[in-house]
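The sequence shown begins at 397 in this note's numbering and counts up one residue at a time. A quick write-up on the structure given underneath.
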Amino acid sequence: MKIKYIVELKIDSTWISDGFDIRNNQDVKNLLQQILPYAYGYEVSGRVISKPKLSVVKKLQGYTK
Numbered sequence: 397m398k399i400k401y402i403v404e405l406k407i408d409s410t411w412i413s414d415g416f417d418i419r420n421n422q423d424v425k426n427l428l429q430q431i432l433p434y435a436y437g438y439e440v441s442g443r444v445i446s447k448p449k450l451s452v453v454k455k456l457q458g459y460t461k
């Protein structure tokens with residue numbers, strides 16, 4: 397049986413500037429596997445519900461002005 401959590405992440409722009417970004421469901425799974433390092437891949441999953449515009453992230457990361 398899988399249990400569902402709904403989590404909202406608010407990340408300071410400093411971390412986005414340093415490279416943090418969750419763009420897709422694989423990014424969420426990678427994050428969960430870091431928190432639960434002994435979990436098998438099929439035991440954890442997640443999905444991106446909402447994300448900032450890519451243009452905002454690229455601006456904060458210095459790729460655009």
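Backbone N, C-alpha and C fix where the C-beta goes; we use that ideal spot for every residue, glycine too. Just so we're clear, the structure is a prediction, and the values are computed from it rather than from any experiment.
Through-space distance from residue j to residue i, alpha-carbon basis
i: ASP417; j: GLU439; result: 23 Å
i: ALA435; j: LYS461; result: 41 Å
i: ILE399; j: LEU432; result: 15 Å
i: GLY437; j: GLN429; result: 8 Å
i: MET397; j: ASP423; result: 23 Å
Other residues of its chain near residue i: CB distance less than 8 Å, five sequence neighbours each side excluded
i: SER413; result: LEU456, GLN457 and GLY458
Option in the options with minimal Cα separation from residue i
i: ASP408; options: THR460, PRO448 and LYS461; result: PRO448
i: VAL405; options: ARG443, ILE399 and TYR436; result: Residue identity check: residue 405 is Leu in the sequence provided, not Val. The shortest Cα separation from LEU405 among ARG443, ILE399 and TYR436 belongs to ARG443.
i: VAL452; options: MET397, THR410, ILE402 and TYR401; result: THR410
i: LYS454; options: ARG419, VAL403 and ILE402; result: ARG419
Nonlocal neighbours in the same chain, by C-beta distance under 7 Å from residue i, ignoring five residues either side
i: SER441; result: LYS425
At 4 residues or longer, and completely inside the stretch 405-456: list those alpha helix (DSSP H) runs for me, N to C.
Correct list: 409-413, 421-431 and 450-456.
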